[in-house]
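In my numbering, the protein residues as written are 53 to 442.
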Amino acid sequence: MRLPARVENATTARARFPRDADRLFDALYEMDPLADACADALAQNRGEAEGWIAAGCAGHDLAEAPRAVREYFETAGRMPSWVDWERVDRAGRLFFRAGPAGGITLGAKALVGGYCSPGGNKPLAFSGALEGQVSRRLAETGRFVVATNTPGALRPGGEAWAITLRVRLMHAQVRRLLLRSERWKSELWGAPINQHDMAATSLLFSVVFLSGIRQFGVPVSQDEAEDYVHAWRVSGWLMGVREDLLPRSEAEGLALGELIQLTQGPPDEDGRRLVAALLESPRGAMQGKPGASQIEGWQIAMGRGFCRTLVGPQLADELALPTNGWRFVIPTVRAGVAVARKVLPASVRAPERWEARGRKYWERNVEVGLQGTPAKFALPGALGGRYAAR
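Here it is, written out as structure tokens:
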């Protein structure tokens, strides 16, 4: 099998992961046939497309829609037998309990990890999604993650179920645009938004997120970790990831992540540009307010310091992240959490109390990021950024 040029250390990977390496390599050329067929049908019926999507997400009748559209929503409504909804709901409690530690982890570790993939970052670089309205894009991601972790929302007809199906169609539309742009180089990157990269993204929201909140000292039992991985396995299935690429346990997820890291290579210029845009997103957010420039500079420096700690010095250096005093905050917080768990009364340490605070934290941050305009998760009509057709 001829591998895309993006793959590094293939021989070593096959020796260390003989059961999984070639399965993952094959996935570099695989897309999402169900969503792609639906996106094609929607593109041929632009006037009715949004109405059909809204109806499908609401569980309404789609008798007048093309077969590909009906099959997309009908298939998503038949959840796999392995889904355990009690575990999914328990996972959400962990997410909210993590509070700000989870928010920082999502931005400065999980998303950064995705941007660092020299092949996986190309659809985002082509789309130009982070070259404008960065804060809004991040708030939309936050809306998706909050919904996913809200009890009952991943069930058919729930908010997270609907958002996930919209995001999946967004991915399919980006694939359509990239494959028609004549600028996509399959010999370098594989297929756009392929099964390999979709599985890798799912890991960022599950095992990478768990790793990050543990760096802050957030207590996570093994049962909680397994429930959290299970919840994102459900989300990944809805997103169109092949079932055999979705880990059934934290250990499986960590092993798959290790294989991906081994074969993806260091971040490229697109990765550095995307991470810079992410970490500089506070710039301009307080325009016109007293002391805005100073506060925004402080927020950017804080984000860079947190990122350096969370991703580690090697990757931080490859991303050209500066070293600053903020890198000491996370170890200090971790030590403080350890002491607090020993000395604070049980009523203060009660998980329910921290879950409630975490919900308020996420609601406030998503609301501020969206600036009063609901997240629509609309299908893009064209590519943007520096790869856009001139």
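Backbone N, C-alpha and C define an ideal beta-carbon position, used for all residues, glycine too.
Judged by their CB atoms, Asn-61 and Leu-326 are not nearer to each other than the 8 Å cut-off. Ala-107 has its alpha-carbon roughly 26 Å from the corresponding atom of Leu-435. Runs of the alpha helix (DSSP H) lying entirely within the stretch 244-269 and spanning at least 4 residues, in chain order: 247-255, 261-267. When DSSP states are grouped into helix, strand and coil, Pro-170 belongs to the coil group. Here Gly-364 is exposed: its Cβ has fewer than 16 other Cβ atoms, across all protein chains shown, within 10 Å. Residue state for Gly-103 is assigned as helix, using DSSP reduced to three classes. Taking 8 Å as the cut-off, the beta carbon of Leu-114 is found no closer than this to the beta carbon of Gly-159.
Taking 4 residues as the shortest admissible run, the stretch 60-114 contains the following complete alpha helix (DSSP H) segments, listed from N- to C-terminal end: 62-68, 73-78, 85-95, 98-109. Taking a 10 Å sphere around the C-beta of Arg-218, we find 16 or more other C-beta atoms and assign the residue as buried.
Setting aside the 5 residues that flank it on each side, Ser-238 is surrounded in the same chain by Pro-56, Tyr-81, each with a C-beta closer than 8 Å to its C-beta; the list follows chain order.
Proximity to Ala-372 across Glu-138, Ser-273, Arg-360, Asp-279 peaks at Arg-360, based on C-alpha coordinates. Distances from the alpha-carbon of Asp-88 to those of Val-293, Phe-147, Asp-279 put Val-293 closest. For Ala-303, the enclosing alpha helix (DSSP H) starts and ends at 302-316. Under a 10 Å Cβ-count criterion, Arg-235 is classified as exposed, with fewer than 16 other Cβ atoms of the shown protein chains found around its own Cβ.
Contact between the stretch 246-254 and the stretch 167-175 is established, with three or more Cβ pairs separated by less than 8 Å.
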